[in-house]
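Note that the numbering used here has the sequence shown beginning at 2, numbered continuously upward. From the three backbone atoms N, C-alpha and C, an ideal C-beta is built for every residue, glycine too. For reference, the structure is listed below as structure tokens.
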Amino acid sequence: CFERQFSDREGNLLDNEHLALLDELIDVCREQGIYTVLTPIAWWGGGVWTDRTQGFSDVYPMRRLTADRATWPAQARFLKQFAEHVNRITGRRYADDPCVLAFECINEPLYPPDTPDSLVTDYINTLTDALRASGTTKPIYYNAWHGRNAAAGASHADGVTCVTYPTGLVAGRELEGPQLSRIRASSLQPDASIARKSRMVYEFDAADMNGSYMYPALALLFRSEGVQVASQFQYDPLPLADVNHNWQTHHLNLVYTPNKALSLAVAAEVFARVPRGAPFTPADTEMRFPPFRVSAAEDLSELVTETRYLHSNATQTPPPAPARLERVWGCGVSPLVPACGSGAYFLDRAAPGVWRLQLYPDVFTVADPFTGTPEPKVRVLPGRPALTLRLPDLGARFAVWAFAGGRAGERLAGARDGTFTVAPGDYLLTRDDAAPSAETVSRAAALAPRWVAPPPAPETIGPLLRATARPQWRAGQPLELHAEAALATQVTARLVSAGGRRAEVTLARAEQPARASRRFTGTLPGDALAPGAWGITFRASGAGGVTEYPDAATAGASWFPTEPPRTVALIRLPEQPPRPAVHGTGDASVTSVRDGARYALRLTVADVGAGRAAAGYSLPFAADPAALWPADRNGAPVPLGWGLRIVARGGASGARAELGFRMKNGQGLGCNLRVGTGWSETVIPAAELLPLWGLPSRDAFRWSEVERLSVLTGAWLFPEGPPAHGVSIDLAALEWVALTPALRLDAVADDGAWSLFDTAAWLRVPLWQAPLRRWGLSDDEGRP
Numbered sequence: 002c003f004e005r006q007f008s009d010r011e012g013n014l015l016d017n018e019h020l021a022l023l024d025e026l027i028d029v030c031r032e033q034g035i036y037t038v039l040t041p042i043a044w045w046g047g048g049v050w051t052d053r054t055q056g057f058s059d060v061y062p063m064r065r066l067t068a069d070r071a072t073w074p075a076q077a078r079f080l081k082q083f084a085e086h087v088n089r090i091t092g093r094r095y096a097d098d099p100c101v102l103a104f105e106c107i108n109e110p111l112y113p114p115d116t117p118d119s120l121v122t123d124y125i126n127t128l129t130d131a132l133r134a135s136g137t138t139k140p141i142y143y144n145a146w147h148g149r150n151a152a153a154g155a156s157h158a159d160g161v162t163c164v165t166y167p168t169g170l171v172a173g174r175e176l177e178g179p180q181l182s183r184i185r186a187s188s189l190q191p192d193a194s195i196a197r198k199s200r201m202v203y204e205f206d207a208a209d210m211n212g213s214y215m216y217p218a219l220a221l222l223f224r225s226e227g228v229q230v231a232s233q234f235q236y237d238p239l240p241l242a243d244v245n246h247n248w249q250t251h252h253l254n255l256v257y258t259p260n261k262a263l264s265l266a267v268a269a270e271v272f273a274r275v276p277r278g279a280p281f282t283p284a285d286t287e288m289r290f291p292p293f294r295v296s297a298a299e300d301l302s303e304l305v306t307e308t309r310y311l312h313s314n315a316t317q318t319p320p321p322a323p324a325r326l327e328r329v330w331g332c333g334v335s336p337l338v339p340a341c342g343s344g345a346y347f348l349d350r351a352a353p354g355v356w357r358l359q360l361y362p363d364v365f366t367v368a369d370p371f372t373g374t375p376e377p378k379v380r381v382l383p384g385r386p387a388l389t390l391r392l393p394d395l396g397a398r399f400a401v402w403a404f405a406g407g408r409a410g411e412r413l414a415g416a417r418d419g420t421f422t423v424a425p426g427d428y429l430l431t432r433d434d435a436a437p438s439a440e441t442v443s444r445a446a447a448l449a450p451r452w453v454a455p456p457p458a459p460e461t462i463g464p465l466l467r468a469t470a471r472p473q474w475r476a477g478q479p480l481e482l483h484a485e486a487a488l489a490t491q492v493t494a495r496l497v498s499a500g501g502r503r504a505e506v507t508l509a510r511a512e513q514p515a516r517a518s519r520r521f522t523g524t525l526p527g528d529a530l531a532p533g534a535w536g537i538t539f540r541a542s543g544a545g546g547v548t549e550y551p552d553a554a555t556a557g558a559s560w561f562p563t564e565p566p567r568t569v570a571l572i573r574l575p576e577q578p579p580r581p582a583v584h585g586t587g588d589a590s591v592t593s594v595r596d597g598a599r600y601a602l603r604l605t606v607a608d609v610g611a612g613r614a615a616a617g618y619s620l621p622f623a624a625d626p627a628a629l630w631p632a633d634r635n636g637a638p639v640p641l642g643w644g645l646r647i648v649a650r651g652g653a654s655g656a657r658a659e660l661g662f663r664m665k666n667g668q669g670l671g672c673n674l675r676v677g678t679g680w681s682e683t684v685i686p687a688a689e690l691l692p693l694w695g696l697p698s699r700d701a702f703r704w705s706e707v708e709r710l711s712v713l714t715g716a717w718l719f720p721e722g723p724p725a726h727g728v729s730i731d732l733a734a735l736e737w738v739a740l741t742p743a744l745r746l747d748a749v750a751d752d753g754a755w756s757l758f759d760t761a762a763w764l765r766v767p768l769w770q771a772p773l774r775r776w777g778l779s780d781d782e783g784r785p
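As structure tokens, then:
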């Protein structure tokens, strides 16, 4: 709850539109059979609405709420009035509503340093007693995170809560490899101080991963620790789920992540069937605790009994008694559903020979869902996948009826040899052509939640494509290439090295039973992979056209100059070096240097100084703005597909500099450059150029207004401390270059060092946190 929105400074409850929305939410949950746990105090601030609220949390910082006794009466007053509030829809007090399972006093409390447990216990008692004063008999929990089990264990609270994220949070990318071994324990593991307390996990998830095998393992862990309630964080609303536009680190939705949704359904069965205190043993790749199994290798969660058969991905586990089955929920093929699409399906037996089917559409993941970037991550596919059922209760020939609003509609299709084709939707399947009885229809309506209509897919779309590439590989060794494609008949990979070498590989469709495989594989011969940096692009062809991957919006893609190169020189290096500008640094000079045929300007600064100290020089801007194609008519920079090519080198310790294009009004656009001791070529996509000198945004920049290039170095570029011997940087070329996105592969020579640190992953954070993130292509010897 957002108590700021419906409380005043003294802690009185305000009956307003925000509380009315909470009333409605609780009622909607009731209609869908969902229990709620209410956490009345959240404290959250910083939203766009906080300047319009006047609650007690607007007055006190979180650490005063928990440790300053003077703030406790307001919180107690609010909690009591909150529990006593009568829901305007249900007519029940929150304190008495059977759909409100429990109360948790406060969300993720924080404390001043060295706050003793005794004070925390007094605080918990104040909050718990206030809720209990409403007359409620519901269990009351306290959030004991950050090591406060002992304080909660000594309090009046009925239970404690914890949070569990075994894979961490906000990696900025999809995690690779098996993650099952990371499920070990929570803060509720055996602890004598809370032995007599009820236990709840108020948040959990296997964040930043698409795998469908983690949830049942987490459920088993929780039951082993005595947990009675566990809340997954978070389910994505349907209108936002295709982009994952809410919390980027979480992604769960029945339509767009059907495998994970089925895994959560299996986890719910674990919670219902496994007793508290059951044994839990961590595992690396697979867990078997009949009737459940999870497998990281198969990306699978499953429940198999005589009456229920649930699975999150393709499985070959035989059902023990097919004729006795009452529920078959799945995603992917199985002995019971040997042919299907990629969406979820739900089959429930309503009566002998009558089953309800809810079928969801095929989907395809087109981009990493966990980057936080705004492009679509999952697409709904057009078409009607064929479905084949092997249910003895239905037989090989059965009728398919429309089912909506709890009523059977017209007969739509008939199955032959168990196979039929229908659009995603809600249906009744009957063993004979006779319409189901009213009693059977009523029973079928109660078997499953209401049908959630997915967004309509376009009738025709081009091929969809996604691929991965190894970040590094040994030169001279065969290289395996992998891609996934939908609506494609051919997939090829094109490799271009920084030195201009080229190779192309046709990928073959991998075999997959019962449906057209989306996986394509191929191998580049080892003799074609020379040392150096390579850019890899994939191309899928189909009836709907041609698609290339990566494209300009692909998170994590590198940028390489096009072949043949298309460049525009932005400066001309003068024979007579410009005078340096010095502001608070040591002595500085600008000289001309020649290294073979290469001519450069050298900036040397003896001491970068401190604070805002800077030294550097400027040069006239030499390019014709009209030549910076493609640019829009007002001369604004092109954000994608073009960028800067910089040839430079540093002194003995390398160098850092700020390059900026200054307009007539003194504002500009630029970048921070970091180079080593040898000549190197650095490409900086235009999308990563940052506003300088008061420019309000990139959109306000105009190439037609640029007068000069500024080259500066100073203390702000060295936050870890100034270099011991000053800074020296040679600038040989600065060009506007056409770029193409590609997946980068560094081919390491036999005698080359293999990097054990994934710098690309480490730097894959929002741009404002990584001003020095760049793609250096190669040095003079072609080494990455």
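One or two residues paired with residue i in a DSSP bridge
| i | result |
| --- | --- |
| residue 539 | 494, 550 |
| residue 298 | Its beta-bridge partners do not exist; DSSP assigns none. |
| residue 790 | Summary: the structure shown does not reach residue 790, with the chain confined to residues 2 through 785, and so no result is reported for it. |
| residue 233 | 205 |
| residue 518 | Per DSSP, none; premise fails for residue 518. |
Exposure label - residue i; buried when at least 16 CB within 10 Å
| i | result |
| --- | --- |
| residue 4 | buried |
| residue 334 | buried |
| residue 249 | buried |
| residue 543 | buried |
| residue 256 | buried |
| residue 35 | exposed |
| residue 302 | buried |
| residue 420 | exposed |
| residue 29 | exposed |
| residue 453 | exposed |
| residue 676 | buried |
| residue 200 | buried |
| residue 737 | buried |
| residue 597 | exposed |
| residue 18 | exposed |
Straight-line Cα distance separating residue j from residue i
| i | j | result |
| --- | --- | --- |
| residue 103 | residue 360 | 35 angstroms |
| residue 636 | residue 706 | Low confidence applies to residue 636: its pLDDT is 46, below 50, so where it sits in the model is not reliable enough to give any reading. |
| residue 633 | residue 336 | Confidence in residue 633 is poor, its pLDDT being 44 and thus under 50, which makes the residue's placement unreliable; the coordinate value appears in the next sentence. Whole-angstrom Cα-Cα distance: 58 angstroms. |
| residue 365 | residue 190 | 39 angstroms |
| residue 240 | residue 538 | 31 angstroms |
| residue 42 | residue 107 | 5 angstroms |
| residue 136 | residue 60 | 29 angstroms |
| residue 484 | residue 79 | 56 angstroms |
| residue 308 | residue 352 | 14 angstroms |
| residue 219 | residue 461 | 40 angstroms |
| residue 584 | residue 618 | 11 angstroms |
| residue 348 | residue 326 | 10 angstroms |
| residue 277 | residue 480 | 49 angstroms |
| residue 467 | residue 550 | 6 angstroms |
| residue 532 | residue 475 | 8 angstroms |
| residue 151 | residue 162 | 13 angstroms |
| residue 273 | residue 244 | 33 angstroms |
Minimum length 3: unbroken beta strand (DSSP E) runs contained in the stretch 442-498: 465-469, 473-475, 480-487, 491-498
Kindly provide the ranges of any beta strand (DSSP E) runs that are 3 or more residues long and lie completely inside the stretch 3-64, ordered along the chain. 37-39
Sufficient close CB pairs (3 or more, under 8 angstroms) joining the stretch 482-490 to the stretch 539-554: yes
At 3 residues or longer, what runs of the beta strand (DSSP E) sit wholly inside the stretch 147-223? 160-165, 199-205
Mind the definition here: the stretch 439-451 touches the stretch 720-734 only if three or more C-beta pairs lie below 8 angstroms; say whether that holds. no
Are at least three pairs of beta-carbons, each pair with one atom in the stretch 199-206 and one in the stretch 315-323, less than 8 angstroms apart? no
Pairs of beta-carbons, one from the stretch 376-383 and one from the stretch 169-183, closer than 8 angstroms: are there three or more? no
Taking contact to mean 3 or more Cβ pairs, one atom from each stretch, closer than 8 angstroms, check whether the stretch 129-147 and the stretch 64-71 are in contact. no
List in chain order: all unbroken alpha helix (DSSP H) runs of 4+ residues lying wholly within the stretch 259-338. 259-274
Give the list of continuous beta strand (DSSP E) stretches no shorter than 3 residues that lie fully inside the stretch 590-663. 599-606, 615-621, 643-651
Is the stretch 681-689 in contact with the stretch 647-666, if contact means three or more CB pairs nearer than 8 angstroms? yes
So, do the stretch 575-589 and the stretch 498-512 have three or more beta carbon pairs nearer to each other than 8 angstroms? no
Report yes or no: do three or more beta-carbon pairs, one from the stretch 229-239 and one from the stretch 279-291, lie closer than 8 angstroms? no
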